[in-house]
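All letters in the sequence shown, in the order written, are residues 4 to 482 by my numbering. Where a beta carbon is used, it is the ideal one built from N, C-alpha and C, also for glycine. Single-structure report; data block below.
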Amino acid sequence: MPAPRALVATAIAVMLAGCTVGPDYQRPSEPLPTQWSEAAPQAGSHAPVSATWWSAFGDPELDALIERALSANPGLQLADSRLREARALAAADSAAEWPRVDARGSAQRGSQSKHAPGVSPFGQGGDLGNGEGLENLFQAGFDASWELDLFGGTRRGIEAARADAEGAAFDREAVQLSLMAEVARNYMALRGAQAQRVLAQRGSDLQRDALSLARARYTGGMATDLEVAQAEAQLRDADAAVSPWEVQARQAMHRLAVLLGASPVDLAGELAEPRDEGPMPTLPDAGLPSDLLRRRPDLQLAERQVAAASARIGEATAELYPQFSLNASLGLASFTTSDFFNRQSTLWSVGPAFSWPVFRHGQVKAMIHVRDEQAQQALIAYRQSILTALQEVEDALAASQEEQHRQQALLASHAASLRALDHARALYKGGMTDFRAVLDQQQRVLQSEGAMEQSRMTQRTNLIALYKALGGGWNGERH
């Protein structure tokens with residue numbers, strides 16, 4: 004190849020490969036705190052949050068429920084479908100880089116107008132051979148076109164579509180993370196409500212004993228009708244306290260069923276009996292605030308949305324410049340089938356083409372401004388997502404630690420209530436008080452146990468919120 008032609012070919016190759024308008028995306032660098040304000044600084048490396056954090060609760064039934072939700076939850080299935088859609092759209096956009104080839108063919112029969120002999124019923128290039136009577140026209144061939152992406156508009160569009168597909172993958176993982184947390188939270192709410200219902204029923208039984216005692220004392224002339232009425236009112240209050248916990252347990256069961264993609268009645272027999280919630284897990288290592296950028300899929304999604312918005316600026320900017328394409332056509336055309344494959348029936352064309360929106364620059368520039376603002380909005384949303392994530396972790400850490408302190412106070416209170424109950428029993432055995440004092444102290448012990456159970460459920464809920472805020476259940480392991 005002569006030197007000038009080689010230089011021209013090289014220049015064209017450089018244009019095709021290197022001229023891409025619009026900003027080249029750089030991942031946003033956001034300043035983050037070096038430590039959590041609600042957690043003590045830790046030296047050395049930090050352990051990642053377990054991808055199966057719910058197993059720390061030591062409840063096989065919870066493990067099974069989460070696995071069932073992951074396989075049958077409609078929301079997760081919808082996120083899976085959206086991910087497949089986004090990937091298919093990215094594949095379709097990627098195909099725009101390559102030449103397009105279309106096959107065509109037709110067989111027509113027509114008659115020319117005697118009052119307009121120059122008008123062909125076959126369209127342009129399909130004049131009848133003799134201008135009289137009926138004629139046939141047979142055509143077949145290929146049309147090819149290739150838009151030369153000189154200014155990178157197509158490449159920017161592909162870049163945006165790929166970022167959208169990656170964002171859809173992160174969105175799917177965010178839905179899964181929320182699903183696991185919701186299953187665990189509602190399961191703990193169910194078990195907590197069932198435990199409170201048991202305690203409320205015990206309180207009702209104690210009040211029933213107190214009513215029996217009051218009636219016996221009244222019969223023996225040692226109590227008044229007022230005392231009997233008061234004992235009966237306390238029993239009715241205790242009976243009424245059972246129902247709200249039963250309602251809360253059933254509602255939690257119904258929510259769990261929906262999360263599992265089942266009818267609300269499907270879990271009624273499976274989860275109706277209360278059971279121990281298992282040991283209380285220790286607080287996980289929160290790591291560093293910067294770890295959230297890779298731990299949380301919602302932050303990864305927000306970052307990919309920034310990348311897609313940035314690429315669309317270049318896609319819009321490319322509309323300012325001319326668009327070049329190479330077009331070619333090769334085919335056969337004949338009035339008779341016998342001549343169809345004759346060499347003289349061949350027709351072809353080849354040549355470049357271009358278009359330039361000369362009188363649309365105002366519209367194009369306005370669209371560039373739109374894309375600029377959309378990119379700024381995506382960046383602001385990304386920053387807001389980071390701040391929200393930091394807040395969620397700090398809130399969960401604070402709530403978990405303060406609830407631990409509250410549990411210690413409740414344990415001390417419960418221990419004091421048990422000592423008071425022992426004293427009341429000793430006084431009763433010594434004849435120094437009546438049994439009503441023992442029943443009253445037993446009721447206080449039950450109230451103390453109810454407060455402790457509520458605190459345990461709150462602590463479990465806080466732990467679930469902390470695991471979710473830290474990105475537990477994902478950590479990029481399945482992406």
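Can you give the Cα-Cα distance for residue i and residue j, rounded to whole angstroms?
i, j, result
"Leu466", "Met283", "9 Å"
"Phe60", "Arg188", "12 Å"
"Arg218", "Met225", "10 Å"
"Pro287", "Gln179", "20 Å"
"Ser416", "His408", "13 Å"
"Ala336", "Asp105", "17 Å"
"Thr285", "Asp240", "37 Å"
"Leu263", "Ala399", "26 Å"
"Gly476", "Ala419", "41 Å"
"Phe141", "Arg307", "52 Å"
"Asp208", "Leu469", "38 Å"
"Glu150", "Gln111", "32 Å"
"Glu376", "Arg165", "21 Å"
"Arg107", "Ile383", "50 Å"
"Ala177", "Leu68", "19 Å"
"Ala98", "Asp152", "13 Å"
"Leu424", "Gln445", "6 Å"
"Asp146", "Tyr324", "25 Å"
"Ala312", "Asp27", "12 Å"
"Gln233", "Ser246", "21 Å"
"Asp96", "Gly78", "27 Å"
"Glu406", "Thr461", "8 Å"
"Asp83", "Gln394", "29 Å"
"Gln347", "Glu138", "19 Å"
"Asp443", "Gln197", "24 Å"
"Gln380", "Arg30", "15 Å"
"Leu270", "Val261", "10 Å"
"Thr222", "Ala255", "46 Å"
"Gly474", "Gly144", "57 Å"
"His372", "Glu88", "28 Å"
Can you list, in chain order, the residues of its chain with a C-beta nearer than 6 Å to that of residue i? Leave out the 5 residues immediately preceding and following it.
i, result
"Arg159", "Gly25, Ala314, Gly317 and Glu318"
"Arg463", "Met191"
"Ser148", "Arg103, Ser328 and Asn330"
"Gln411", "none"
"Arg71", "Leu263"
When we look at the beta-carbon of residue i and count the other beta-carbons within 10 Å, is it buried (16 or more) or exposed?
i, result
"Phe173", "buried"
"Met4", "Its pLDDT being 44, under 50, Met4 is placed unreliably by the model, and nothing is read from it."
"Glu322", "buried"
"Asn76", "buried"
"Thr23", "buried"
"Pro7", "Low per-residue confidence applies at Pro7: pLDDT is 48, beneath 50, and the placement is therefore not dependable, though the value from the model is reported in the following sentence. Result: exposed."
"Leu414", "exposed"
"Pro300", "buried"
"Gln1", "Nothing about residue 1 can be read from this structure; the chain reaches only from 4 to 482."
"Gly453", "buried"
"Asp279", "exposed"
"Lys117", "exposed"
"Ala243", "exposed"
"Val11", "Summary for Val11: the model assigns pLDDT 44, below 50, so the residue's position carries little reliability; its value from the coordinates is reported in the next sentence. The residue is exposed, with fewer than 16 neighbouring Cβ atoms inside 10 Å."
"Gln80", "exposed"
"Leu229", "exposed"
"Asp62", "buried"
"Gly272", "exposed"
"Leu216", "buried"
"Gly365", "exposed"
Given residue i, which residues of its chain have a CB within under 8 Å of its CB, disregarding the five upstream and five downstream residues?
i, result
"Leu302", "Leu295, Leu296, Tyr385, Ser388, Ile389 and Ala392"
"Tyr431", "Asp437, Phe438, Ala440 and Val441"
"Arg205", "Leu449"
"Met370", "Ala319 and Glu322"
Excluding the five sequence neighbours on either side, which residues of its own chain have a C-beta within less than 7 Å of the C-beta of residue i, listed in chain order?
i, result
"Ala50", "Asp288"
"Arg258", "Asn189"
"Ala43", "none"
"Phe343", "Phe141, Leu335 and Ser337"
"Arg428", "Val441"
"Glu33", "Arg386 and Ile389"
"Glu185", "Leu262"
For the putative contact between residue i and residue j, defined by C-beta atoms under 8 Å, what is the C-beta separation to the nearest angstrom?
i, j, result
"Glu456", "Gln251", "About 13 Å separates the two Cβ atoms, so there is no contact after all."
"Trp1", "Leu65", "Within the shown structure, residues of the chain are numbered from 4 to 482, placing residue 1 beyond reach of any answer."
"Ala213", "Gln237", "7 Å"
"Val52", "Arg298", "7 Å"
"Leu274", "Leu193", "6 Å"
"Glu396", "Ala472", "According to the sequence displayed, residue 396 carries Val and not Glu. At roughly 4 Å, the Cβ-Cβ gap stays under 8 Å, so Val396 and Ala472 are in contact."
"Ala171", "Arg85", "6 Å"
"Val201", "Pro277", "6 Å"
query = Are at least three pairs of beta-carbons, each pair with one atom in the segment 388–400 and one in the segment 346–356, less than 8 Å apart?
reply = no
key: Stretch-stretch touch, CB-based, cutoff 8 Å, three pairs: the segment 335–352 with the segment 153–172   = no
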